Structures are given as C-alpha cells and as structure tokens.
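Note sheet for the following structure.
Residue numbers (the working numbering): 83 to 168.
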C-alpha cells in the first residue's frame, strides 16, 4: 500500500517494526527506508510528507495515527508510521 504512494524515483527498502504502547493505546512504529537517485532531499522529503499525511490509509483493525518523513544519509529517506489498534 505504501509503495503506491511513493513518487517516481523513490524505491522502498527494508522495513522494521517496533512495538509501541501508551497508557491508552497499543500499536507499532513501522520504519521504512527509501532510496532515491535524483532530486534534492529537502524538497522530496517535504513533498512526500505532505502526500502521505493526506493519504486515507485502510488497515483493517488499525488506525494510522502519525506519519513522519525524515532525511537520513545522502540518498536515503526514512518513513515512520505509527499505527494503533482500533
């Protein structure tokens, strides 16, 4: 589902999952590394953050509570999604 939202030139790499919980919710942080070959990282990060924040995610039994896109090493962006159980 996430791969469909990525702009041309950005490839989805390895993902990791970290369990997450608060006093009222249980969920997970999903981390996705994405590689890109061309373009300015700041502009790409900003455009991707806007796009993913507007996406209506359909994950049965879960709600996407937060999405963040951060620039990492040159040629890498990291997408972090927080999901909570519905």
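Yeah, the Cβ is synthetic: ideal placement off N, Cα and C, and Gly gets one too.
Owing to the predicted nature of the structure, the values given are computational and were not obtained by experimental measurement.
Cβ-based neighbour list, residue i, same chain, cut-off 7 Å, excluding 5 preceding and 5 following
| i | result |
| --- | --- |
| residue 169 | Beyond the ends of the chain as shown, which are 83 and 168, falls residue 169; an answer cannot be given. |
| residue 96 | 115 |
8 Å Cβ cutoff met for residue i and residue j
| i | j | result |
| --- | --- | --- |
| residue 158 | residue 151 | no |
| residue 124 | residue 153 | yes |
| residue 91 | residue 119 | yes |
Host beta strand (DSSP E) of residue i (start-end)
| i | result |
| --- | --- |
| residue 104 | It is not in any beta strand (DSSP E) - residue 104 carries neither H nor E in the DSSP assignment. |
| residue 147 | 144-153 |
| residue 159 | 158-167 |
8 Å contact criterion, which residue i and residue j should meet: CB distance rounded
| i | j | result |
| --- | --- | --- |
| residue 166 | residue 144 | 7 Å |
| residue 102 | residue 164 | 6 Å |
| residue 126 | residue 161 | Contact flag wrong, Cβ pair sits at about 12 Å. |
Buried or exposed by the 16-neighbour rule on C-beta atoms within 10 Å, applied to residue i
| i | result |
| --- | --- |
| residue 136 | exposed |
| residue 99 | exposed |
Endpoints, alpha helix (DSSP H) assigned at residue i
| i | result |
| --- | --- |
| residue 126 | 123-136 |
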